[in-house]
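Accompanying notes for the structure given below.
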Amino acid sequence: PLAEKSCIPLKDLSEQRFIGFDQDIPTRQATDKIFKEIKLGVRPVMEFDNVETVKRAVEIDAGIALVPEGTVKQDIAHGTIRKLDVDPALSAKWVRPLAIIHRKGRTLTPALKTFIELLMQHNAQPAYTEKALAEVN
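Each residue of the sequence shown is one higher than the one before, starting from 248 at the first, in our numbering.
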């Protein structure tokens, strides 16, 4: 079983019952693109439109799923879901884009401005340029 492996080889993913997101969900589209790029034939046996339902399906042993790690931290801590490491060749391809938002008209504190600058420095392709950030303010 996968749970006995310290790192799951890519080929082993195609042999599993895979629980995925609906095809119109951006996470599913990104996953499908990556699987296609690495020539990994994974076909979901179940598809859902939200991460909570995907997690519940995993809990009842309907299959495995790839979900954002932050969405399962409590489940892992409670022992209802187990996190398995995936081959670095696959996990390195996943980058989850984030946006920085705040209430319109609110003045950003110096600390928050510094935090945003740090995020933008460490992001290879920021979604917002400084100009766009100024326009949001």
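Glycine included, each C-beta is placed from N, C-alpha and C at the ideal position.
{"Check": "Measuring CA to CA, which of Ala324, Gly310, Ile323, Pro315 is closest to Arg275?", "Outcome": "Pro315"}
{"Check": "Is it the case that the segment 279 to 289 contacts the segment 249 to 256, given that we only count it when at least three CB pairs across the two stretches are under 8 Å?", "Outcome": "no"}
{"Check": "CA-CA distance, Asp322 and Lys330?", "Outcome": "10 Å"}
{"Check": "Identify whether Glu262 lies in helix, strand or coil by the three-state DSSP scheme.", "Outcome": "coil"}
{"Check": "Please classify Pro335: is it buried, with 16 or more other beta-carbons within 10 angstroms of its beta-carbon, or exposed?", "Outcome": "exposed"}
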